[in-house]
Amino acid sequence: MNILAPSILSADFKNLGRQLIDCQSAGAQYIHIDIMDGVFVPSISFGLPVIKSIRDASDAVFDVHLMITNPIRYIKEFAAVGADIITFHQEAAPDPWAVIELIHSYGKKAGISIKPGTPIDVLEPYLKNVDMVLIMSVEPGFGGQKYIPSSTDKIRDLRNHLNTLGLKDLDIEVDGGIKTDNVEMVVNAGANVIVAGSAIFNGNVQANVKEFLTKIG
Ligand code: DX5
Ligand code: ZN
4 MNILAPSILS
14 ADFKNLGRQL
24 IDCQSAGAQY
34 IHIDIMDGVF
44 VPSISFGLPV
54 IKSIRDASDA
64 VFDVHLMITN
74 PIRYIKEFAA
84 VGADIITFHQ
94 EAAPDPWAVI
104 ELIHSYGKKA
114 GISIKPGTPI
124 DVLEPYLKNV
134 DMVLIMSVEP
144 GFGGQKYIPS
154 STDKIRDLRN
164 HLNTLGLKDL
174 DIEVDGGIKT
184 DNVEMVVNAG
194 ANVIVAGSAI
204 FNGNVQANVK
214 EFLTKIG
């Protein structure tokens, strides 16, 4: 089954608790939480206290996307505030093995992500040990950007490669520029965890979630 992960980066923060409930009651299974440090990416988003606070408002799967330099420094804290999946960037981690191991040591799922300019080959050593691969389909840092078309081939190549390795159950998440008019394309290419921010939180959240869920099946 395909999974929808609304990205709260585009949420109305004064109504965040309400919007989380709307996402979940409309059927979204995950909540995608973007953590930006102003170093790995130009923006600063929000941090640990926000996750801690919304953990009480939602029992959805918290899918935390760390866009931070040297992520190993903060895995313990993100696990403690209630992350269920912790995804870090290959480009930001000097020792990805150690990060994966640490995430697993807290009983959390580990994801590894690559930016649009990073080839999927760099993932090879880690594929058998991670729970999810996140393919960025925009440059990380901002919501509301346009989908980079070459991402579709990357997703397809990765899915084919996973199948040849016997890893057909490994999740491929796609993040950036996903709308109701291109989501079927990325699902057909092999993505099964779909992040959408601006397309969910601009307008009626529940109606948007339902429309996405109808399209992703
Ligand atoms: C971008 C973030 C995304 C962002 C997606 O760096 O990782 O999760 O919220 O926003 P949209 O769906 O608007 O492109
Ligand atoms: Zn993200």
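Counting along the sequence shown from 1, when you hit position 67 you're at 70 in the numbering used here, and nothing is skipped either side. Ideal Cβ positions, reconstructed from N, Cα and C, are used throughout, including at glycine. Treat the numbers as computed from the prediction; the structure is a model and nothing was measured.
Residue burial classification, residue i (beta-carbon count within 10 angstroms, cutoff 16)
{"i": "Arg162", "result": "buried"}
{"i": "Asn195", "result": "buried"}
{"i": "Thr155", "result": "buried"}
{"i": "Asp37", "result": "buried"}
{"i": "Gly179", "result": "buried"}
{"i": "Thr90", "result": "buried"}
{"i": "Pro122", "result": "exposed"}
{"i": "Ala86", "result": "buried"}
{"i": "Ala83", "result": "exposed"}
{"i": "Val42", "result": "exposed"}
{"i": "Lys157", "result": "buried"}
{"i": "Leu165", "result": "buried"}
{"i": "Ala199", "result": "buried"}
{"i": "Pro45", "result": "exposed"}
{"i": "Val189", "result": "buried"}
{"i": "Ser56", "result": "exposed"}
{"i": "Gly110", "result": "exposed"}
C-alpha gap between residue i and residue j, whole angstroms
{"i": "His68", "j": "Gly144", "result": "11 Å"}
{"i": "Ile106", "j": "Glu187", "result": "31 Å"}
{"i": "Gln22", "j": "Ala31", "result": "11 Å"}
{"i": "Ser153", "j": "Val208", "result": "29 Å"}
{"i": "Met135", "j": "Pro52", "result": "25 Å"}
{"i": "His92", "j": "Gly206", "result": "31 Å"}
{"i": "Leu7", "j": "Val177", "result": "10 Å"}
{"i": "Ser201", "j": "Leu173", "result": "26 Å"}
{"i": "Ser140", "j": "Tyr150", "result": "6 Å"}
Start-to-end residues for the beta strand (DSSP E) that takes in residue i
{"i": "Leu69", "result": "64-70"}
{"i": "Asp37", "result": "33-39"}
{"i": "Asp178", "result": "174-178"}
{"i": "Phe16", "result": "Careful: Phe16 lies outside any beta strand (DSSP E) and carries neither H nor E."}
{"i": "Lys112", "result": "112-117"}
{"i": "Ile6", "result": "6-9"}
{"i": "Phe91", "result": "88-92"}
{"i": "Ile138", "result": "135-139"}
{"i": "Leu197", "result": "Correcting the residue identity first, residue 197 is Ile in this sequence and not Leu. Note, Ile197: beta strand (DSSP E), 196-199."}
Beta-carbon spacing of residue i, residue j below 8 Å
{"i": "Ile219", "j": "Asn5", "result": "yes"}
{"i": "Ala60", "j": "Tyr33", "result": "no"}
{"i": "Ile115", "j": "Tyr129", "result": "yes"}
{"i": "Asp98", "j": "Ile71", "result": "no"}
{"i": "Ser48", "j": "Gly147", "result": "no"}
{"i": "Glu142", "j": "Pro119", "result": "yes"}
{"i": "Leu170", "j": "Lys112", "result": "no"}
{"i": "Ile133", "j": "Ile103", "result": "The sequence as given places Val at residue 133; Ile does not occur at that position. Result yes, Cβ atoms of Val133 and Ile103 sit closer than 8 Å."}
Continuous alpha helix (DSSP H) stretch holding residue i: start and end
{"i": "Ala192", "result": "186-192"}
{"i": "Glu80", "result": "78-83"}
{"i": "Thr217", "result": "208-219"}
{"i": "Ile75", "result": "Counting along the chain, Ile75 falls outside any alpha helix (DSSP H), and DSSP gives it neither H nor E."}
{"i": "Leu3", "result": "Absent from the structure is residue 3, since the part of the chain shown begins at 4 and ends at 220."}
{"i": "Glu142", "result": "That residue, Glu142, is in no alpha helix (DSSP H); it is neither H nor E in DSSP."}
{"i": "Ile123", "result": "Ile123 -> no alpha helix (DSSP H), and no H or E assigned at all."}
{"i": "Ser56", "result": "51-58"}
{"i": "Leu170", "result": "Careful: Leu170 lies outside any alpha helix (DSSP H) and carries neither H nor E."}
{"i": "Ser46", "result": "Element bounds for Ser46: n/a, residue is neither H nor E."}
(message) Count Cβ pairs between the stretch 23-37 and the stretch 206-213 that sit closer than 8 Å; are there 3 or more?
(response) yes
(message) Whether or not the stretch 12-21 and the stretch 70-82 are in contact is what I'm after, with contact meaning three or more pairs of Cβ atoms, one per stretch, closer than 8 Å; do they touch?
(response) no
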